[in-house]
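Let me begin by presenting the structure, written as structure tokens, before commenting on it.
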Amino acid sequence: MTHFLVGILIYKIFEIYIGYSNTLLGILLYFLIILSHIIVDTFGYITYHVPDPRPKDKFWVSFHILTFILTLFVAVLFIKLYFWPMFFSVLIDIIDWLILRAILKKKPVFHPLIDKFRNKFFFWLPNWIEKKWAVINEFIILLFLGLGVYYLN
Numbered sequence: 140m141t142h143f144l145v146g147i148l149i150y151k152i153f154e155i156y157i158g159y160s161n162t163l164l165g166i167l168l169y170f171l172i173i174l175s176h177i178i179v180d181t182f183g184y185i186t187y188h189v190p191d192p193r194p195k196d197k198f199w200v201s202f203h204i205l206t207f208i209l210t211l212f213v214a215v216l217f218i219k220l221y222f223w224p225m226f227f228s229v230l231i232d233i234i235d236w237l238i239l240r241a242i243l244k245k246k247p248v249f250h251p252l253i254d255k256f257r258n259k260f261f262f263w264l265p266n267w268i269e270k271k272w273a274v275i276n277e278f279i280i281l282l283f284l285g286l287g288v289y290y291l292n
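Taking the working numbering, the leading residue of the sequence shown gets 140, the next gets one more, and so forth.
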């Protein structure tokens, strides 16, 4: 959901302030949306983002049900107007987690590079992925992104 909202926000900013009247600007727009995935994943360290499924943990299950419902809501609400920005915002996950891991049974390519990027340039970020209270950070980020999308529409 965070990726969707960031993709939509970048698209709206481009549409309002820059435009994409030629092919080069259109390519730049979608390239920036793809790159935003790296930044969003990097800042995932300050949110509750455990690396493994925890189906016996009621908090984990509840959080993921809520996240799924909110993601579905955002997708249904915006899919008609912003399909391509939403698609490109999660393209890295589609390649790594769906195509490479789930279908081809291979290791992800992009996420190890994102980890290296985070470790080199954002080493100062605290690692709160195991902290349940860090869901607050996620919801604050989502609130600001949602408000940004709302006000730009």
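All residues carry an ideal CB built from backbone N, CA and C; glycine is no exception.
Under three-state DSSP, which class holds residue i?
{"i": "residue 268", "result": "coil"}
{"i": "residue 210", "result": "helix"}
{"i": "residue 176", "result": "helix"}
{"i": "residue 224", "result": "helix"}
{"i": "residue 259", "result": "helix"}
{"i": "residue 160", "result": "coil"}
{"i": "residue 251", "result": "helix"}
Cβ of residue i within 7 Å of Cβ of residue j?
{"i": "residue 180", "j": "residue 253", "result": "yes"}
{"i": "residue 206", "j": "residue 273", "result": "no"}
{"i": "residue 169", "j": "residue 227", "result": "yes"}
Would you give the residue range spanned by the alpha helix (DSSP H) that residue i belongs to?
{"i": "residue 287", "result": "274-291"}
{"i": "residue 229", "result": "Counting along the chain, residue 229 falls outside any alpha helix (DSSP H), and DSSP gives it neither H nor E."}
{"i": "residue 141", "result": "141-152"}
Kindly give me the distance between the Cβ atoms of residue i and residue j, rounded to whole angstroms, as I take these residues to be in contact under 8 Å.
{"i": "residue 151", "j": "residue 288", "result": "7 Å"}
{"i": "residue 268", "j": "residue 189", "result": "6 Å"}
{"i": "residue 146", "j": "residue 172", "result": "5 Å"}
Does the pairing of the region 255-266 with the region 170-189 give three or more beta-carbon distances under 8 Å?
The answer is yes - the region 170-189 touches the region 255-266, with three or more Cβ pairs under 8 Å.
Should the region 209-225 be called in touch with the region 258-277, which here means at least 3 C-beta pairs below 8 Å?
Contact between the region 209-225 and the region 258-277 is not established, with fewer than three Cβ pairs separated by less than 8 Å.
At a cut of 8 Å, does the region 230-245 reach the region 151-168 through at least three beta carbon pairs?
Output reads no: the region 151-168 does not touch the region 230-245.
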